[in-house]
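Just below is one structure, and these are the notes that go with it.
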Amino acid sequence: MTVQEWLAGEEEGRRAQLQEQFANLAPGTEIRLLDLNSGEVLMRQGDSWWEVCTLIEGRVQVATHQPNYTTYTLREFSPFVRFGHWEALGKSPFLAATVRAKSTCRFCALSREAYLRWLTDSPQVLMKEASEAVSALLYQGLLDRNTLVMESESRVAFYLVSCFQAEGHKGGTGVVIRRSHQEIAEATSLSVRTVTRILHRLRERGLAGSKKGKVALAPSQAEALRELFPPF
1 MTVQEWLAGE EEGRRAQLQE QFANLAPGTE IRLLDLNSGE VLMRQGDSWW
51 EVCTLIEGRV QVATHQPNYT TYTLREFSPF VRFGHWEALG KSPFLAATVR
101 AKSTCRFCAL SREAYLRWLT DSPQVLMKEA SEAVSALLYQ GLLDRNTLVM
151 ESESRVAFYL VSCFQAEGHK GGTGVVIRRS HQEIAEATSL SVRTVTRILH
201 RLRERGLAGS KKGKVALAPS QAEALRELFP PF
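So for the sequence shown, the UniProt record's numbering puts the first residue at 1; every next one is plus one.
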């Protein structure tokens, strides 16, 4: 189907939101919608891939895999984020990371050719995409640099605060970090045992709470955790 046909079928409020994300994309551009269940993989590191996919519903995890089969979680994302665009811009036929659904997800996919044509036809879109790409690279570079000098506790504290912010806490409300110890271990490159020990220490010191087996953070606790890692 075309992007025009797709958007015409969306309800009015949702359509306006999507039109903003796909502004200046030619109405006749062919797209396809992809639906994934939690745990399913959209893209796998090392595979050939010739599309650019925009996450429009749900939550995904991006991870890399090393030759010794160690997995490193880079970040988790919510709408609206594109995947495969760096490979398109870098003219790489192979994916640099694996994208896995963490919930029920929907993506809008368009070909590399259509994506690159979209950028060349619209200076505003090109500037927006370039700005977001540079910001993401700066964040990842700072994260990598700081992680190299962070001790185990600092890594866990940084990850918890990042999740606290990503969960979209508002006002004085707290947040439940809906991540398992295994997921936290993958994200921080630590063992599950080490993560469990650190979380126990944080709870003993009043820097974290617990709710139904998950880490719970109040705004004051998140602020205190920020003191445990270098400022970005």
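In this text, a Cβ means the ideal position worked out from N, Cα and C, and glycines have one as well.
Cβ neighbours of residue i in the same chain (closer than 8 Å, five flanking residues each side left out)
i, result
"serine 191", "Ala185"
"glycine 209", "Gly174, Arg203, Val215, Ala216, Leu217, Ala218, Gln221"
"threonine 104", "Asp35, Leu36, Asn37, Ser38, Glu57, Gly58"
"threonine 2", "Pro27, Gly28, Thr29, Glu30, Ile31"
"phenylalanine 80", "Gln21, Thr54, Leu55, Ile56"
"glutamine 19", "Leu7"
"lysine 211", "Val176"
Exposure label - residue i; buried when at least 16 CB within 10 Å
i, result
"tyrosine 115", "buried"
"arginine 155", "buried"
"alanine 157", "buried"
"tyrosine 139", "exposed"
"methionine 43", "buried"
"valine 52", "buried"
"arginine 100", "buried"
"arginine 179", "buried"
"glutamate 87", "buried"
Nearest candidate by alpha-carbon position, reference residue i, set the options
i, options, result
"leucine 110", "Glu151, Gln140, Leu119", "Leu119"
"leucine 33", "Leu7, Glu11, Phe94, Ala208", "Leu7"
"serine 92", "Val62, Phe229, Arg112", "Arg112"
"glutamate 40", "Ala136, Leu18, Phe107, Pro123", "Phe107"
"alanine 133", "Arg82, Arg205, Val195", "Arg82"
"arginine 145", "Thr194, Phe229, Arg14", "Phe229"
"glycine 213", "Glu227, His181, Arg14, Arg205", "His181"
"threonine 194", "Leu137, Gly13, Glu10, Glu151", "Glu151"
7 Å Cβ shell around residue i - same chain, five flanking residues per side excluded
i, result
"tryptophan 50", "Ser111, Arg112"
"tyrosine 159", "Ile184, Ala187, Thr188"
"lysine 102", "Ser38, Arg59, Val60, Gln61, Glu76"
"threonine 78", "Here residue 78 turns out to be serine, not threonine, going by the sequence shown. Result list for serine 78: Arg59, in chain order."
"alanine 97", "Gln45, Val62, Ala63, Thr64, Leu74"
"leucine 207", "Gln221, Ala224, Leu225"
Nearest-angstrom Cβ-Cβ length linking residue i and residue j, presumed shorter than 8 Å
i, j, result
"histidine 85", "glutamate 129", "7 Å"
"valine 161", "leucine 225", "5 Å"
"alanine 23", "valine 125", "7 Å"
Nonlocal neighbours in the same chain, by C-beta distance under 6 Å from residue i, ignoring five residues either side
i, result
"aspartate 47", "Leu95"
"leucine 25", "Val3, Trp118"
"leucine 199", "none"
"phenylalanine 164", "Val175, Leu217, Ala222"
In chain order, each alpha helix (DSSP H) run of at least 4 residues that lies wholly inside the stretch 153-222:
As for any alpha helix (DSSP H) of minimum length 4 sitting wholly inside the stretch 153-222, the runs are 181-188, 192-204, ordered along the chain.
Runs of 3 residues minimum, wholly inside the UniProt domain "Cyclic nucleotide-binding" (19-136): which ones carry the beta strand (DSSP E) assignment?
Within the UniProt domain "Cyclic nucleotide-binding" (19-136), the complete beta strand (DSSP E) runs of at least 3 residues are 32-36, 41-43, 51-57, 60-65, 71-77, 81-83, 98-101, 105-111.
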